[in-house]
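Residues are numbered in this note's numbering as their position in the first sequence, beginning at 1, plus a constant of 55.
Below is one structure, written out as structure tokens; the observations come after it.
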Amino acid sequence: MADERLGEGFLPLEEPLDLEATLASGQVFRWRWRGRWAWGVLGEHGYGLRHEEGGLRFRTTAPSLAAAETELTAFLRLEDKLGAIREALAWDRPVARAMARLPGLRLLRQDPWECLVSFACSSASNIPRISRNLEALAETYGWGLGGPRGASPRLYRFPDPGRLAEAGPEGLRRLGLGFRAEYVAGTAAAVASGAVDLLALRGLAYPEARGALLTLPGVGEKVADCVLAFSLDKREAFPVDRWVRRSLEAWYGHGPRARYGELSSWAQDRWGEYAGYVQQYLFCWARDGWRDGQRGRKPG
DNA sequence: AGTCCACCTACATC
DNA sequence: AGATGTAGGTGGA
56 MADERLGEGF LPLEEPLDLE ATLASGQVFR WRWRGRWAWG VLGEHGYGLR HEEGGLRFRT
116 TAPSLAAAET ELTAFLRLED KLGAIREALA WDRPVARAMA RLPGLRLLRQ DPWECLVSFA
176 CSSASNIPRI SRNLEALAET YGWGLGGPRG ASPRLYRFPD PGRLAEAGPE GLRRLGLGFR
236 AEYVAGTAAA VASGAVDLLA LRGLAYPEAR GALLTLPGVG EKVADCVLAF SLDKREAFPV
296 DRWVRRSLEA WYGHGPRARY GELSSWAQDR WGEYAGYVQQ YLFCWARDGW RDGQRGRKPG
């Protein structure tokens with residue numbers, strides 16, 4: 056395909072940002088590094104991102120740089136002031152340690168549809184496999200975009216619900232989704248039919264939005280909470296996976312048999328609107344082996 | 001209502 | 001080497 060011309064801009068940042076940690080934090084699965092640039096898709100546009108002193112350098116297929124800045128600001132949740140959040144949570148020692156370890160780790164505001172499919176694919180899976188599954192979905196049923204010159208792999212817009220519903224469970228199974236193919240196809244059909252209006256869930260309170268998601272096949276408590284936290288502006292959502300569960304056991308005295316709902320609502324009572332951020336920090340910190348200090352800096 | 005288990009599949013470990 | 005276990009769960013018995 057012919058190169059699309061990429062606009063280039065610079066977005067000054069007041070907020071800390073660790074792009075590498077954030078894009079690898081299990082919230083998103085389709086960003087790829089080429090040298091110092093991270094390449095991915097936001098909505099209908101391809102983006103290359105590079106963190107520089109004082110801000111974010113970006114390249115984009117978006118028609119206007121202003122539109123790109125708006126899209127990036129929303130995606131990175133730059134309205135969330137990490138410094139203030141960190142202060143508000145400083146009283147909690149394990150959380151403070153986790154935040155000190157990855158100061159620029161941010162919650163993201165992704166596209167709810169891709170986010171929903173991502174986590175419907177995550178059951179009994181792992182990050183490399185989820186990435187492969189989503190990449191296959193995008194390459195097979197999505198639409199190609201511009202990107203880095205001569206880039207391989209190319210960038211693809213994620214297929215809309217109608218397209219995946221049409222593909223059906225058989226088509227999706229061929230891409231290696233396994234038993235998740237039924238989940239994704241069923242969820243795609245429900246969303247395509249209008250039974251669940253994902254964007255409208257942003258306007259609902261957490262319990263109502265969660266209830267709507269739980270009607271979808273392949274969407275249980277954990278998947279619903281991930282979608283709510285990572286794409287639907289519900290910062291109080293607290294997804295509990297193995298790593299977070301381990302953290303709650305290790306640092307807060309919860310038993311290994313504690314039920315999901317017990318842990319999740321305990322976390323919401325404790326951390327309130329910041330529960331989602333806490334979850335993300337505890338998750339990354341646990342996966343990182345509970346090491347202290349700032350990443351990339353030699354101790355002492 | 002709480003508990004157990006099958007489900008695809010790649011990869012690691014036994 | 002082939003068996004067994006596990007990986008960011010869900011749904012059904």
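Just so you know, even glycine gets a beta-carbon here, dropped at the ideal spot from N, CA and C.
message = Checking 8 Å against the spacing of the C-beta atoms, do Lys197 and Tyr211 come in under that value?
response = Note on identity: in this sequence residue 197 is Gly, with Lys being the wrong assignment. Yes, the Cβ-Cβ distance between Gly197 and Tyr211 is below 8 Å.
request  = Following the continuous alpha helix (DSSP H) through Tyr196, name the residue where it begins and the one where it ends.
outcome  = 182–196
task = Buried or exposed for Glu63, please, with buried defined as at least 16 other CB atoms from any protein chain shown within 10 angstroms of its CB.
result = Exposed.
key: Cβ neighbour criterion (16 or more within 10 Å) applied to Thr77   = buried
ask   = Helix, strand or coil: how does DSSP classify Val424 here?
value = Outside the modelled stretch of the chain, which goes from 56 to 355, sits residue 424, for which no answer is possible.
ask   = DSSP state of Arg85, grouped into three classes?
value = DSSP places Arg85 in coil when its eight states are reduced to three.
task = Starting from Arg112, follow its DSSP beta bridges and name the residues at the other end.
result = Partner(s): Phe65, Arg105.
task = Please check the pair Glu291 and Ala330, which I expect to be a contact at CB under 8 Å, by giving their CB distance rounded to whole angstroms.
result = Right, the Cβ-Cβ distance comes to about 5 Å (below 8 Å), so this counts as a contact.
query = Among the residues of its own chain, which have a CB less than 7 Å from the CB of Lys353, if the five just before and after it don't count?
reply = Per-residue confidence for Lys353 stands at a pLDDT of 47, beneath the threshold of 50, marking its modelled position as unreliable; the derived number appears in the next sentence. Answer for Lys353: no residue qualifies.
6 Å Cβ shell around Gly355 - same chain, five flanking residues per side excluded = Residue confidence for Gly355 is low, a pLDDT of 33 falling below 50, so the modelled location carries little weight and cannot support an answer.
ask   = Can you list, in chain order, the residues of its chain whose CB lies under 8 Å from that of Asn188, leaving out five sequence neighbours each side?
value = Cys176, Ser180, Leu230, Gly231, Leu232, Arg235
query = With respect to the beta strand (DSSP E) encompassing Leu210, which residues constitute its N-terminal and C-terminal limits?
reply = 210–212
query = In its own chain, which residues sit with a C-beta less than 6 Å from the C-beta of Ala193, not counting the 5 before and 5 after it?
reply = Around Ala193: Tyr211, Phe213.
For Ser286 and Arg164, believed in contact at Cβ under 8 Å, the rounded distance = 6 Å
inquiry  = What does DSSP give as the partner residue(s) for Gly159 in the beta ladder?
reply    = Answer is none; Gly159 lacks a bridge partner.
key: Proximal residues to Ala191 (C-beta, below 6 Å), its chain only, five neighbours per side dropped   = Leu230
key: Distance CB(Val83)-CB(Trp168) smaller than 8 Å   = No, these two residues do not count as a Cβ contact at 8 Å.
query = Would Leu254 be called buried (16 or more neighbouring beta carbons within 10 Å of its own) or exposed?
reply = With fewer than 16 other Cβ atoms inside 10 Å of its own Cβ, Leu254 counts as exposed.
query = Is Ala145 buried or exposed, if buried means 16 or more other CB atoms sit within 10 Å of its CB?
reply = exposed
key: Alpha-carbon spacing of Asp343 relative to Leu200, whole angstroms   = 34 Å
key: Buried or exposed by the 16-neighbour rule on C-beta atoms within 10 Å, applied to Pro294   = When all chains shown are included, Pro294 counts as buried.
Euclidean distance between Cα positions of Asp288 and Tyr332 = 12 Å
ask   = Rounded to the nearest angstrom, how far is the Cβ of Leu318 from that of Arg300, given a contact under 8 Å?
value = Indeed, because the Cβ distance is near 7 Å, the residues count as touching under 8 Å.
key: Reference Asp215, options Val239, Gly258, Arg209, closest by Cα   = Val239
task = To the nearest angstrom, report how far apart Pro149 and Ser119 are at their CA atoms.
result = Distance between the alpha carbons of Pro149 and Ser119: 43 Å.
request  = Enumerate in chain order the residues of its own chain whose CB-to-CB distance from Pro71 is below 7 Å, with the five nearest sequence positions on each side excluded.
outcome  = Leu137, Pro158, Gly159
inquiry  = With DSSP as the reference, identify every bridge partner of Gly199, one or two as the case may be.
reply    = Gly199 is bridged by DSSP to Tyr211.
ask   = Which of the three DSSP states, helix, strand or coil, is assigned to Lys289?
value = coil
message = For a test of the three-state rule: what should DSSP assign to Gln165, helix, strand or coil?
response = coil
Trp298 - DSSP class collapsed to helix/strand/coil = In the structure shown, Trp298 adopts helical secondary structure according to DSSP, grouped into three states.
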